[in-house]
Amino acid sequence: MNTKIWLSSPHMSGKEQKYIKEAFDTNWVAPLGPNVNGFEEDLQNYLGNNSCVAALASGTSALHLGLILLGVSKGDEVICQSKTFSASANPILYQGAVPIFVDSERDTWNLCPEQLEIAIKHRLSLGKKPKAIIAVHLYGMPYKVDDIISISKKYDIPILEDSAESLGSTYKGVKCGTFGDISILSFNGNKIITTSGGGALVAKTKEIKDEAVFLSTQARDNAPHYEHSKIGYNYRMSNIVAGIGRGQMTILNSHVSKRRHNFDFYKNSFCDINPIQFLNEPKGMFSNRWLTTILLPSYKIREALREFLLTDNIESRPLWKPMHLQPVFKDAPKYLNGISENLFERGLCLPSGSNLTKSDLARVVNKVKEYFQNVR
Ligand SMILES: *Cc1c(COP(=O)(O)O)cnc(C)c1O
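According to the numbering used here, the stretch in the sequence shown is residues 4 to 379, in order.
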């Protein structure tokens, strides 16, 4: 059997262990310390825009704190892009709030501005004003930032920007992860940079960042004993994990170029295979191409190709199943146009790691070509 080609696997720079060793040498083996501060500074410098970053245990915990900071509580409604990974939506339920799912548009596969406005108007007509909008730059492709922000302003509903898959992407030259009233990042093992597991909340002010850090460290009031006037969480990032993050920040830009190169290589290699379609970057958008995604003519062909790749130990994965189709969210209100379901049926993510070798990429391309030669 050929060695396994993964969808997206961790890719170290070699600098990570220096920071981890420093943490051990100075005994900062705790959920605070120089690496946590250093990683937050690196992220702030990278994102620009006066971002204030709180390093946390995961992207999911960042989303949860984001909802809390936006005032979401029991019984509130929160609008969420349906085409996303479940972690975008689960924290709505952690708060006892109600998710309202909204479909995608064709140009970026992200939150559809028209459906979003239809949903808001309908919720308002029912006497319920949504408390927040969770918008996601899926697979690294920015959502229609200007359109979504103008709807958010028009109806005075804040945006929680899920930038878990889009560190390194930009919209009109501005970094993704800076567009929400609150934004989040993820450093899980499969993301564009990884700390093994980890995430961050990106705030617009130091006060909001400090409140996130306060909540993430058990909400300890200022007293010599343990005093609590709010419910706290254990969501802070460890100083060991943050050391990996500092090493990873040194090669983030090269990971973006490599992933974009993967996309270009697939696109050029498949240019004469008509059944394969790619998602192009709309004007003003720059995707980190976290995952290269393709559309096939039908569910049947998508599944056949996926299984054919698997026979050569090549991992691929259907596009994320929309949240409104998930059993766990079956009762949630939804505003649909058919696009996310169609993408789910026909879409496939190809191996996209920044550590794929030339021969790995060639193996994937040859296997895909072989599939289409045989079906013709
Ligand atoms: C990975 C991911 C998350 C969750 O991040 P974790 O760090 O794994 O908790 C949230 N949203 C999206 C879109 C993701 O891809």
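By construction, the Cβ of each residue, glycine as well, lies at the ideal position given by its N, Cα and C atoms.
On a predicted model such as this, the values are computed, not experimentally measured, just so you know.
As assigned by DSSP and simplified to three states, the class of residue i
i, result
"G192", "coil"
"E25", "helix"
"M15", "coil"
"K361", "helix"
"T6", "coil"
"P321", "strand"
"N48", "helix"
"D159", "coil"
"N283", "coil"
"K209", "helix"
"R239", "strand"
"Y269", "helix"
"M288", "strand"
"V368", "helix"
"G150", "The question names Gly, but residue 150 in the sequence shown is Asp. Helix at D150."
"Y338", "strand"
"Y374", "helix"
"V39", "helix"
"Y174", "strand"
"E230", "coil"
"E306", "helix"
"E168", "coil"
Neighbourhood of residue i by C-beta, 6 Å cutoff - its chain only, sequence neighbours within 5 removed
i, result
"I279", "F273, I297"
"K337", "F104, H327"
"F266", "R292, T295"
"L50", "K178, G180, T181"
"H258", "I195, S357"
"I95", "V81, P102"
"V148", "Y174, F182"
Terminal residues of the beta strand (DSSP E) in which residue i lies
i, result
"P102", "101-105"
"D184", "First-last for D184: undefined, no H or E at that position."
"D110", "Unbroken run through D110: none, as it is neither H nor E."
"L353", "350-353"
"V205", "202-206"
"F59", "Here the sequence assigns Leu to residue 59, which means Phe is not the residue at that position. It spans 55-59 - the beta strand (DSSP E) in which L59 sits, taken as one unbroken run."
"A138", "135-139"
Own chain, CB closer than 8 Å to residue i, minus 5 neighbours either side, in chain order
i, result
"F332", "A92, P102, F104, M326"
"G200", "A60, S61, F190, N191, G192, V244"
"C55", "Q47, V205, A206, K207, T208, K209, I211, K212"
"A33", "S241, N242"
"G250", "M15, S16, G17, K18, E19, Q20, K21, Y22"
Beta-carbon spacing of residue i, residue j below 8 Å
i, j, result
"L10", "R366", "no"
"C179", "P145", "yes"
"S219", "A57", "yes"
"T181", "F190", "no"
"I342", "E108", "yes"
"G99", "G130", "no"
"G171", "N291", "yes"
"L353", "Y302", "no"
"I247", "E19", "yes"
"K370", "L282", "no"
"L351", "R309", "yes"
"P300", "R349", "yes"
"K134", "G74", "yes"
"N5", "N316", "yes"
"E373", "I8", "no"
The alpha helix (DSSP H) enclosing residue i, as first and last residue numbers
i, result
"E117", "116-128"
"E80", "Note, E80: premise wrong, no alpha helix (DSSP H); beta strand (DSSP E) at 80-84."
"L299", "Careful: L299 lies outside any alpha helix (DSSP H) and carries neither H nor E."
"G62", "62-72"
"P94", "93-97"
Own chain, CB closer than 7 Å to residue i, minus 5 neighbours either side, in chain order
i, result
"L72", "I185, I211, E214, A215"
"N237", "Q221"
"N340", "D106, C115, Q118"
*Would you check if the segment 176-196 and the segment 223-233 touch, i.e. whether three or more CB-CB distances between them fall below 8 Å?*
The answer is no - the segment 176-196 does not touch the segment 223-233, with fewer than three Cβ pairs under 8 Å.
*Using 8 Å as the Cβ pair cut-off and three pairs as the minimum, do the segment 145-162 and the segment 31-51 touch?*
These segments do not touch.
*How do the segment 110-125 and the segment 62-78 stand: do at least 3 beta-carbon pairs fall below 8 Å, yes or no?*
Verdict: no, contact absent.
*Touching or not, the segment 73-87 and the segment 233-244, by the rule of three or more beta carbon pairs under 8 Å?*
With contact defined as three or more Cβ pairs closer than 8 Å, the segment 73-87 and the segment 233-244 are not in contact.
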